[in-house]
Amino acid sequence: MTSVSVLARMEADTAALRLRVETLTRQQATGRKTDSIGDLGAQLPQALTLHAEIARHGVYGTAIDTALTRASVTQTALQRLGDIASEFADKLAVTLDPNDTSSLSLIATRARTAMVEVGQILNTQSGGEYVFGGSDFANPPVPDPDGLPNSGLATRIASAVATLGGGNAAAVAAATRAAALDDSAGVSPFSAFLSDAASGAAEPRRSVTTGDGQTVAYGIAANRNGAAVSAGETTGSWARDLLRGLASLAALTPAQASSASDYQAFATTIRQGLKSAENALADEQGALGQTEARLQAVKDRQSTVTDTLKTQLAGIEEIDLATVLTRLSATKSVLEASYTAIGQLSSLTLTHYLG
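Quick note: the sequence shown uses full-length UniProt numbering, first residue 1, plus one each step.
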């Protein structure tokens with residue numbers, strides 16, 4: 001073999017070494033075996049599958065995070081609503097006495113203020129969406145919270161309360177319950193969507209997909225219970241019970257106290273209705289807390305699975321830095337030696353031709 005052919009072969013080997021150094025240098029900088037997933041060869045199908053699985057679990061994780069945020073906001077709202085129900089059931093309604101109506105005006109004023117607050121709380125938003133609005137995310141479930149003390153609901157209850165006397169306490173209680181249950185326009189304080197039997201009133205609770213074929217319900221609509229079951233003096237909805245009780249308190253005047261027995265009986269109805277709301281709200285909070293714990297557990301499992309998948313993918317796409325650094329150092333040494341050898345051989349070849 002002539003020196004010229006040996007030199008050509010050495011130059012080809014050196015070019016391959018340079019390419020190897022470039023590849024190892026890039027791997028050292030990026031931590032990846034290749035910049036193009038298509039260069040993974042036989043491992044490409046597995047890499048694509050892992051990428052798809054990681055993305056799928058990522059979607060589930062993001063959805064669960066959003067649901068947990070909404071649930072937390074909902075919990076805060078439920079807590080305040082429960083506080084309002086407790087305040088009026090356990091502190092104010094118990095003071096109703098036909099022989100002492102001096103505090104009625106103050107109670108009525110506080111009840112009207114509380115009605116507005118209840119409406120505003122039911123319009124709580126998370127991420128720009130109404131958490132008590134069902135699937136009608138963009139519109140408030142209580143269109144006019146500030147107008148609740150003068151709403152159709154409050155007016156109808158006030159009209160019933162004004163007739164209290166003559167042994168009709170049960171009839172007045174039934175009338176206030178019917179008003180709270182009335183979903184017709186002009187009476188219901190809730191949105192047309194939530195009140196419509198063909199849409200919001202019939203839709204399932206808002207839920208989140210936590211896995212393939214797996215969902216967890218966590219949403220609560222303003223006009224009906226989520227997981228809680230109301231008991232006792234109730235419309236079946238803690239929100240309706242709370243507004244009914246507040247509107248009834250707001251409507252009471254000394255005039256109704258003239259019939260002491262009816263006044264006492266109706267006062268008992270108010271207390272029991274508010275107590276039902278208080279208890280149901282506590283149950284709602286407890287159930288939602290269990291849902292939050294379940295979602296957090298699923299999220300943690302999703303995170304563990306995702307970490308495992310990422311580790312498997314790293315084994316395919318990522319380099320062992322220590323190994324790459326060792327190979328890079330060794331390859332550079334060989335390349336430098338190759339340059340030296342080529343230089344020496346080139347000098348000998350030139351001498352050969354000149355001689």
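All residues carry an ideal CB built from backbone N, CA and C; glycine is no exception. These figures come from a predicted structure and were not determined experimentally.
Quick one: is residue i buried, meaning 16 or more other Cβ sit within 10 Å of its Cβ, or exposed?
{"i": "T291", "result": "buried"}
{"i": "P189", "result": "buried"}
{"i": "L288", "result": "buried"}
{"i": "T113", "result": "exposed"}
{"i": "N123", "result": "buried"}
{"i": "N99", "result": "exposed"}
{"i": "P204", "result": "exposed"}
{"i": "G186", "result": "exposed"}
{"i": "K275", "result": "buried"}
{"i": "Q79", "result": "exposed"}
{"i": "S5", "result": "exposed"}
{"i": "G58", "result": "exposed"}
{"i": "S237", "result": "buried"}
{"i": "T215", "result": "exposed"}
{"i": "Q296", "result": "exposed"}
{"i": "V229", "result": "exposed"}
{"i": "L164", "result": "buried"}
{"i": "A55", "result": "exposed"}
{"i": "P45", "result": "exposed"}
{"i": "E234", "result": "Checking the displayed sequence, the identity of residue 234 turns out to be Thr instead of Glu. T234 is buried by the Cβ-count criterion."}
{"i": "D262", "result": "buried"}
{"i": "T95", "result": "exposed"}
{"i": "T340", "result": "exposed"}
{"i": "R9", "result": "exposed"}
{"i": "residue 391", "result": "Here the chain covers residues 1 to 355 and nothing more, so residue 391 does not appear."}
{"i": "T210", "result": "buried"}
What residue range does the alpha helix (DSSP H) around residue i cover?
{"i": "V172", "result": "A169 to L181"}
{"i": "Q43", "result": "Neither: Q43 is in no alpha helix (DSSP H) and is coded neither H nor E."}
{"i": "A154", "result": "G152 to V161"}
Starting from residue i, trace the beta strand (DSSP E) in both directions and tell me its first and last residue.
{"i": "T210", "result": "S207 to G211"}
{"i": "T124", "result": "No beta strand (DSSP E) contains T124, which DSSP labels as neither H nor E."}
For residue i, name the three-state secondary structure that DSSP assigns.
{"i": "D300", "result": "helix"}
{"i": "D283", "result": "helix"}
{"i": "D100", "result": "strand"}
{"i": "Q28", "result": "Since pLDDT at Q28 reaches only 49, below the 50 mark, its modelled position is unreliable, and the value read off the structure follows with that caveat. In this structure, Q28 counts as helix in the three-state DSSP scheme."}
For residue i, which of the options has the nearest alpha-carbon?
{"i": "D241", "options": "L252, Q256 and R224", "result": "R224"}
{"i": "L48", "options": "A314, S329 and S333", "result": "A314"}
{"i": "I84", "options": "L104, D65 and V116", "result": "V116"}
{"i": "D283", "options": "A52, R244, G82 and R70", "result": "G82"}
{"i": "A247", "options": "L281, S151 and D212", "result": "S151"}
{"i": "A154", "options": "T176, T235, R301 and G232", "result": "T176"}
{"i": "A178", "options": "F132, R244 and A217", "result": "R244"}
{"i": "K91", "options": "T306, Q272 and Q312", "result": "Q272"}
{"i": "A239", "options": "S261, L106 and A180", "result": "A180"}
{"i": "D221", "options": "G133, A158, D65 and Q312", "result": "The residue asked about is misnamed: residue 221 is Ala in this sequence, not Asp. When only C-alpha atoms are compared, the closest one is G133."}
{"i": "G219", "options": "D196, P149 and T69", "result": "T69"}
{"i": "I64", "options": "S333, A217 and T311", "result": "A217"}
{"i": "V208", "options": "Y60, Q125, A52 and A42", "result": "Y60"}
{"i": "D97", "options": "G119, Q312, Q302 and P254", "result": "P254"}
{"i": "L50", "options": "S329, Q120 and D307", "result": "D307"}
{"i": "A250", "options": "D212, G286, V298 and R156", "result": "R156"}
{"i": "S72", "options": "E278, Q125 and A170", "result": "Q125"}
{"i": "G127", "options": "T74, Q43, S303 and D183", "result": "T74"}
{"i": "A257", "options": "T101, E53 and Q43", "result": "T101"}
{"i": "D212", "options": "Q302, T326 and G147", "result": "Q302"}
{"i": "L148", "options": "G119, A227 and E87", "result": "G119"}
- Item | Secondary structure, beta strand (DSSP E): runs of 3+ residues fully inside the stretch 185–246 | 207–211 and 214–217
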